[in-house]
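Inspection log for the structure reproduced underneath, given as structure tokens.
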Amino acid sequence: MDKKVIRLYLAIAFLFGLSHSFFFATYVVFLVSKGLDLLEVNLINCFFMAGVFLLEVPTGAYSDLVGRKRSFIIACFCWALSMFIYYFSSTFWIFVIAELIGALARAFCSGALEAWLVDSLKYYNFKGKLNDVFKKEQQLNQIGIMMGSLTGGYIGTIDLALPWLCTSIAMALVGVFCGLVIKEEYRSKNNGSFRVKAMWKTIIESVLYGVKEKSVFYIICFSVVFSFICQGPNMQWQIMFKNLGLDTGKLGWVFVGFCTFIFIGSQLSSWFLEITRSEKRAIVLSQLITVIGILVASQFSILGLVISSFFIHEAGRGIFRPLKQTYINKRIPSQQRSTILSFDSMMTMVGSVLGLVVSGWLAKNYSISASWFFSGIVLLIAIPVFLKMKNGE
Numbered sequence: 051m052d053k054k055v056i057r058l059y060l061a062i063a064f065l066f067g068l069s070h071s072f073f074f075a076t077y078v079v080f081l082v083s084k085g086l087d088l089l090e091v092n093l094i095n096c097f098f099m100a101g102v103f104l105l106e107v108p109t110g111a112y113s114d115l116v117g118r119k120r121s122f123i124i125a126c127f128c129w130a131l132s133m134f135i136y137y138f139s140s141t142f143w144i145f146v147i148a149e150l151i152g153a154l155a156r157a158f159c160s161g162a163l164e165a166w167l168v169d170s171l172k173y174y175n176f177k178g179k180l181n182d183v184f185k186k187e188q189q190l191n192q193i194g195i196m197m198g199s200l201t202g203g204y205i206g207t208i209d210l211a212l213p214w215l216c217t218s219i220a221m222a223l224v225g226v227f228c229g230l231v232i233k234e235e236y237r238s239k240n241n242g243s244f245r246v247k248a249m250w251k252t253i254i255e256s257v258l259y260g261v262k263e264k265s266v267f268y269i270i271c272f273s274v275v276f277s278f279i280c281q282g283p284n285m286q287w288q289i290m291f292k293n294l295g296l297d298t299g300k301l302g303w304v305f306v307g308f309c310t311f312i313f314i315g316s317q318l319s320s321w322f323l324e325i326t327r328s329e330k331r332a333i334v335l336s337q338l339i340t341v342i343g344i345l346v347a348s349q350f351s352i353l354g355l356v357i358s359s360f361f362i363h364e365a366g367r368g369i370f371r372p373l374k375q376t377y378i379n380k381r382i383p384s385q386q387r388s389t390i391l392s393f394d395s396m397m398t399m400v401g402s403v404l405g406l407v408v409s410g411w412l413a414k415n416y417s418i419s420a421s422w423f424f425s426g427i428v429l430l431i432a433i434p435v436f437l438k439m440k441n442g443e
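For what it's worth, our numbering labels the leading residue of the sequence shown as 51, then goes sequentially.
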């Protein structure tokens, strides 16, 4: 049964990546086409991040108490509604409404499927390596994203709003699929009821665990820094590459390149773990690759060189996620898994919001290159700091 659970988890990861990614290659271009500048684009995302920050832990507690399946299905339909609103939107505040619904979707989604996998595998006495499962999950998710973003890039040449409609329909179908196939055998018959008192108890216990358990708080802190430095490259690459001469129709192919290097990075995560012989060192030292990619991309204006350097930075980011997922899931209890994972996600949102504001301000008042250079320097400084910092183990 554990193999069946893993196959289903990987299938959902692929379908989610495919369904959610039709607009990925044209997101910022779409918003700019509606008259927004880069700072306004980042501010829209700040509303999303703030919404996720406020909703993460309560929805995580809901997932732990009522069920990860129900939480994930709600997320899929909220995503569908958010994307449908985007399809019809043309003003800043309607985009904000769509992002807030998306924030609710992200909050319900965060940690739910991951917690379902880990606890299902524990229920069936899984003896394999979690890192291998998370590595495959990221790879299949990236394959789905490649297909979706490439398709969306071509659809966007017809109408930049159409990729949003495709994502809306596809996410609704994923929600229906998950409702039919996900089972939660590990849950007792007493589970499934929602009580506010129980929710607050779960929230308080989970947050205290996340703060007091040094090994968990360590990775949360590093994730905050990591999410901070990622926002500039995340939000500005489309405009940067178009300014350097890349056609809109080719943005999808560039995004496929990103996914390919994230795929390669996830494959390298096990190798990093073997040569460093420490989860902590593997996570932190691997981000030197991210630093190199960002700094080189920020210093040149030759399109091919900038894109190649950006690919390298994506490989570093690809190494990070499976290592982090394995690290944190080994150190948290099953009963509060979704809530603690949501607390982790909530804290990283703080880094994301700060990153959006700072990178947007730098790009507007100086340049995108200055924004990326600042991000690279921050991560470069953080690496020796976190290597020296003790994680309680």
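Glycine is no exception: its CB is placed at the ideal position from the N, C-alpha and C atoms.
query = How about the stretch 349 to 368 and the stretch 162 to 177: do they share at least three Cβ pairs that are nearer than 8 Å?
reply = no
ask   = When DSSP labels each residue in this structure, what does PRO108 get in the three-state scheme?
value = In the sequence shown, the residue the question calls residue 108 occupies position 58. PRO108 falls in the helix class under three-state DSSP.
task = Confirm, please, whether the CB-CB distance from LEU406 to GLN317 is below 8 Å.
result = To locate residue 317, count along the sequence shown from 1; it is residue 267. To locate residue 406, count along the sequence shown from 1; it is residue 356. No, the pair does not count as a contact, with Cβ atoms beyond the cut-off.
Proximal residues to LEU294 (C-beta, below 6 Å), its chain only, five neighbours per side dropped = By 1-based counting over the sequence shown, the position of residue 294 is 244. Hits under 6 Å: LEU353.
inquiry  = According to DSSP, simplified to helix, strand and coil, what is PHE64?
reply    = One-based indexing of the sequence shown puts residue 64 at position 14. In the structure shown, PHE64 sits in a helix (DSSP, three-state: H, G or I).
task = List the endpoints of the continuous alpha helix (DSSP H) containing THR207.
result = Here residue 207 refers to the residue found at position 157 of the sequence shown. THR207 -> alpha helix (DSSP H) spans 180 to 208.
request  = Could you tell me the boundaries of the alpha helix (DSSP H) in which ASP32 lies?
outcome  = The requested residue 32 is not part of the displayed model; the chain covers only 51 to 443.
Inter-residue spacing [alpha-carbon to alpha-carbon] between VAL102 and SER395 = Stepping through the sequence shown from its first residue, residue 102 is reached at position 52. Stepping through the sequence shown from its first residue, residue 395 is reached at position 345. Rounded to whole angstroms, VAL102 to SER395 spans 8 Å at the Cα level.
ask   = Nearest to HIS363 by alpha carbon, out of ASN379, PHE370 and THR340?
value = Residue numbering aside, residue 363 sits at position 313 when the sequence shown is read from its first letter. With distances taken between CA atoms, HIS363 lies nearest to THR340 out of ASN379, PHE370 and THR340.
task = Enumerate in chain order the residues of its own chain whose CB-to-CB distance from GLY307 is below 6 Å, with the five nearest sequence positions on each side excluded.
result = In the sequence shown, residue 307 corresponds to position 257, counting from 1. Within its own chain, the residues whose Cβ lies closer than 6 Å to the Cβ of GLY307, once the five positions on either side in sequence are excluded, are PHE361, listed in chain order.
query = Anyone know if the C-beta pair for ALA63 and PHE98 falls short of 8 Å?
reply = Translated into the one-based positions of the sequence shown, residue 63 becomes position 13. Translated into the one-based positions of the sequence shown, residue 98 becomes position 48. Contact flag unset, no.
Reduced DSSP category for THR76 - H, G, I as helix; E, B as strand; rest coil = Position 26 of the sequence shown, counting from 1, holds the residue named residue 76. In the structure shown, THR76 sits in coil (DSSP, three-state: anything other than H, G, I, E or B).
query = Mind pulling the alpha helix (DSSP H) runs of 4 or more residues that sit fully within the stretch 343 to 394?
reply = 353 to 379
ask   = Counting pairs of beta carbons, one from the stretch 362 to 381 and one from the stretch 408 to 417, are three or more of them closer than 8 Å?
value = no
query = Just the Cα atoms here: how many angstroms apart are VAL334 and ALA420?
reply = To locate residue 334, count along the sequence shown from 1; it is residue 284. To locate residue 420, count along the sequence shown from 1; it is residue 370. Those two C-alpha atoms are separated by around 24 Å.
key: Local conformation of TYR174 per DSSP, three classes   = Position 124 of the sequence shown holds residue 174. Three-state result, TYR174: coil.
request  = Kindly list the residues whose CB is nearer than 6 Å to the CB of ASN95, restricted to its own chain and excluding five residues on each side of it in sequence; keep chain order.
outcome  = Mapped onto the sequence shown, residue 95 falls at position 45. These residues qualify, in order along the chain: LEU406.
message = Tell me which residue opens and which closes the alpha helix (DSSP H) that ASN284 is part of.
response = What you label residue 284 is simply residue 234 of the sequence shown in a count that begins at 1. First-last of the alpha helix (DSSP H) with ASN284: 264 to 293.
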